[in-house]
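A.B. asks: Chains as they are written, first to last, in my numbering: chain A, 1 to 255; chain B, 256 to 704. For glycine and all other residues, C-beta sits at the position ideal for the given N, C-alpha and C.
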Amino acid sequence: MSESRHVRLSQAVDVIHLRFGEHALAAVDRLPATESWACGVGAVDRLTGIGGLPRGRISVLGGRGSCGKWSLGLAMLARATHEFDATIAIDPGLSFDPWALLEFGPDLRALTVVRPLDPEAAGEAAVSLARAGVGFLLLSLPGRAGASAEPWLPLLAAAAERSGTLVVALVEETPRPLAHASSLSLAVERLTWKIERGELVGLRARVTCVKNKLSLPGRVAEIEVNYPLGAALFPEAGVGEVQQSWAARRKSAVV
Amino acid sequence: MGRSAQICCGLVPHLQLALRPDLYGQPVVVTAWREAVVCASPEAEEAGVRPGISQRQAQQLCPDAELLEPDPAGAALLAERVAAALYDLAPVVEVRVEGVAWIDLEGVAQRTLALREMRRRLREACGADPRLGLARGPFAARAAAARARPGRLLEVSEAASFLASLPVAELRLEPWQERRLELLGLRTMAEVARIGPRQLESQLGREGRTAALRARGEEPDRLAAWVPPRTSSARRQFEPPLEEREALLFVGRALCDELALEFGLRGAGAKQVRVRLDREEREATVRHALSSGAELFGLVGSWLRSWQPAEPVGRMEVELPLLEPAGRRQLRLWVRGDGSTEEVKAALERLQDRHGSGIALHPEAALAGSPIPAQRFRWDPVGEPAEATPPPLRKAPEPATTGATLSRNLGDFDCSPRLARVATLNRTDAVRHADDAHGVKAARRAKSS
């Protein structure tokens, strides 16, 4: 490469660095390896292929209503409150109830709930908090908010990558922009209800890794979600730590 | 290191030259058209160029020299930045545009560390290794620095003996005063020192007295301590005026980074932020001082994204009318990623400023066993002091007997007969009330139809 070209190239790189930051353009050998965060659900950690959810990326838990994705998300959120200093739940649908989280033994001091009034405010909150370096961001995107997320999702992905924020989005149906921006997509599908002695006590769900930028996609695991209501349950093998921890807490469960 | 040596002097190129570090090593003369030379690089000085001679003389002496227009504003800004950088090391700092910086190390616990850091910061600011001198006062420290090698420190323990052999030109007197000393046969500091201050004052005026004291190593000068400014601002003019929001954001980011570099160096933070686009302006006061470019642009950028200027923007200014000390961070004192906690707080505050305090809430368990969801948790806006929880009138019932079960099946539980009777009466009253209400509604419905 001639010297003038080299100079022009380095000037262009400088402009990109000035405008978008050092992370926007980096040599391959300088790219940092993606760190993973073990979410505490062994089956899900194994699905990802890197031992946990990727830090600095967007992960998606998607599935139709009552498939277990919220329970999975709450289990991750509760664990995150113990491991990160700032844990944020963005709840534009006003559907988050910390009472449901109590089952997982969270540290509520580390939890802040952001309740934006409209989808645009949800995007603004997510981007600014990711840019500020929140440790864990649980983003609930009901249908309306998910559909209008296209303008800010790239910003959120860039901000999370720069600050290392772990973003977990909960959606019914994954909108295309989110599918594009995410690095890991897990589809949760309910297999059967669990009914014992005539009472609904939980469900069995299949979790499929439908997208994975960091490892091989396509892995499948089955988990069992035990609701805090009802009689005692005995988790089956292979359900993962969620089941075990839930079963252990069942004795002191609130009606 | 002697206790008496407490003033450190760093010599760097003239700050007009330091504005163009890419020209280091070449003959450079800073001068305006048909005016006197402001400063010259060492290469030009080797050819005989001196500050004060005319531009034409400088060109004749050094035809290869590159002529630069003076940029006093840029040099002053650089001096401010250098002072801000050194202010972090010691409370008394003086920086001059001719490329001299002093810090007073009195009271500084780790002098060696401070000196090393001073060298590093001067190198970063000016792009050249500074020469450092350490002595009891600023005059001897400067003389020592002038004799040190680049990047090295020369310490002077006995100022008088060190200065004795130096020429009187080091006293930096006026030309006529130097000529008078020459006529008096005083060519070295030692000879000047032997003359009393009063005698020299009678020959040279007040400067003579000062010169005699300096030559004796008595250090009559005191540093003019730099005081950090309480406000700061950065602006850009656009020709032609800007119409694209993306371009505004780009400039806004550059201005924020510029300001952050300035106040970040001296550990300040912006308590108040004002943005002006031509005649329109927005202003906000934040709870925690914004101390980084990202924090500042988080606020400024959110304004710019939603701003609808009435006409294309010809001028943009980011002003920080109120600066205050920002929370400084000490490495390894914080844990669990606390480095970003302040930024997260600031981001939440910005959200609250824009959307109301109710947007960011902190849940706290109140009556976790209550059957009414709204009573289970208290939601306090982030940043506001939590309200004191009133003591419960009675202890919350155990989870196994709470919730809907309590009102539905109270009679079935093993509780006192009196409580069961009250519950039964209440339930009966509730049913009667519902029937009454239903009857009233039915009567109204019949009446209206």
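1) Starting from G62(A), follow its DSSP beta bridges and name the residues at the other end.
2) Buried or exposed: Q271(B), going by 16 or more other Cβ atoms within 10 Å of its Cβ?
3) With 7 angstroms as the limit, tell me which residues of the stretch 442–468 of chain B have their beta carbon closer than that to any beta carbon of chain A; keep them in chain order.
4) Taking a Cβ distance cut-off of 7 angstroms, strictly less, list which residues of the stretch 90–109 of chain A are near chain B, in chain order.
5) What is the rounded straight-line gap between the Cα of V134(A) and the Cα of V113(A)?
6) For K194(A), which beta-bridge partners are listed by DSSP?
7) Any chance the stretch 308–321 of chain B sits against the stretch 345–357 of chain B, with 3 or more Cβ pairs inside 8 angstroms?
8) Run through chain B and tell me which residues come within less than 7 angstroms of S4(A), C-beta to C-beta.
9) Output the distance between the C-alpha atoms of R376(B) and A340(B), rounded to the nearest integer angstrom.
10) So the candidates are L323(B), R402(B), L468(B); which of them puts its Cα closest to the Cα of R453(B)?
11) Listing by chain order, which chain B residues have their CB less than 9 angstroms from the CB of S59(A)?
12) Where G230(A) and G202(A) are concerned, what is the direct C-alpha to C-alpha distance, given to the nearest angstrom?
13) If the cut is a Cβ gap below 7 angstroms, which residues of chain A does R631(B) touch?
14) Per DSSP, which one or two residues make a beta bridge with K211(A)?
15) Does D85(A) come within less than 7 angstroms of chain B when only Cβ atoms are used?
16) With distance defined between alpha-carbon atoms, name the residue in I450(B), L545(B), V573(B), V541(B) nearest to G506(B).
17) What residues of chain A sit near A489(B), judged by a beta carbon separation below 9 angstroms?
18) Output yes if chain B places a C-beta closer than 7 angstroms to the C-beta of T112(A); else output no.
19) Thinking C-beta only, is V292(B) closer than 7 angstroms to L323(B)?
20) Are the C-beta of P618(B) and some C-beta of chain E separated by less than 7 angstroms?
21) Does the beta-carbon of E501(B) have 16 or more other beta-carbons within 10 angstroms, so that it is buried, or is it exposed?
22) Give the range of the beta strand (DSSP E) segment to which W634(B) is assigned.
23) Given P496(B), which residues of its chain have a CB within under 7 angstroms of its CB, disregarding the five upstream and five downstream residues?
24) List the endpoints of the continuous alpha helix (DSSP H) containing H269(B).
25) For E124(A), return the contacting residues in chain B, with the cut-off set at a CB-CB distance below 9 angstroms.
26) Counting pairs of beta carbons, one from the stretch 125–142 of chain A and one from the stretch 78–89 of chain A, are three or more of them closer than 8 angstroms?
27) In whole angstroms, give me the CA-to-CA distance for M571(B) and I16(A).
28) Quick one: what's C264(B) bridged to in DSSP?
29) Thinking C-beta only, is T81(A) closer than 7 angstroms to L102(A)?
30) Kindly indicate which three-state DSSP category C294(B) falls into: helix, strand or coil?
31) Are V207(A) and L186(A) close, meaning C-beta to C-beta below 7 angstroms?
32) L648(B) CB to nearest chain A CB: under 7 angstroms?
33) Please tell me whether R260(A) and A159(A) are closer than 7 angstroms, where the distance is taken between their beta carbons.
34) Tell me, please, whether the CB atom of L214(A) is closer than 7 angstroms to any CB atom in chain B?
35) Does S128(A) have its Cβ less than 7 angstroms from a Cβ in chain B?
C.D. replies: Looking at the atomic coordinates:
1) V171(A), A187(A)
2) buried
3) none
4) D97, P98, W99, L102, L108
5) 13 angstroms
6) G202(A)
7) no
8) Near S4(A) there are no residues of chain B at all, since even the closest Cβ is about 17 angstroms away, more than 7 angstroms.
9) 7 angstroms
10) L468(B)
11) Per Cβ cutoff of 9 angstroms: no residues; S59(A) is ~19 angstroms from chain B at best.
12) Since pLDDT at G230(A) reaches only 35, below the 50 mark, its modelled position is unreliable, and no value is offered.
13) W99
14) S185(A)
15) yes
16) The amino acid at residue 506(B) is misidentified as Gly; the sequence shows Val. Looking at the Cα atoms, V573(B) is the closest of the given residues.
17) The premise fails here: A489(B) is roughly 15 angstroms from chain A at the closest Cβ pair, so nothing lies under 9 angstroms.
18) yes
19) no
20) As a matter of chain content, chain E is missing from the structure shown, whose protein chains are A and B.
21) exposed
22) Taken as a continuous stretch (DSSP letters only), the beta strand (DSSP E) holding W634(B) covers 632–636.
23) Closer than 7 angstroms at the Cβ level, and outside the excluded window around P496(B), lie P567, V568, G569.
24) It is not in any alpha helix (DSSP H) - H269(B) carries neither H nor E in the DSSP assignment.
25) S557, R560, L606, R609, H610
26) yes
27) Taking the Cα positions, M571(B) is about 22 angstroms away from I16(A).
28) W357(B), G388(B)
29) no
30) strand
31) For the 7 angstroms CB-CB criterion, V207(A) and L186(A) form a contact.
32) Unreliable positioning characterises L648(B) in this predicted model, as indicated by a pLDDT of 48, which lies under 50. The coordinate reading is nonetheless provided below. No, because no Cβ of chain A sits closer than 7 angstroms to the Cβ of L648(B).
33) The structure shown does not extend to residue 260(A), since chain A spans only 1 to 255, so no value can be given for it.
34) no
35) For S128(A), the closest Cβ of chain B is nearer than 7 angstroms.
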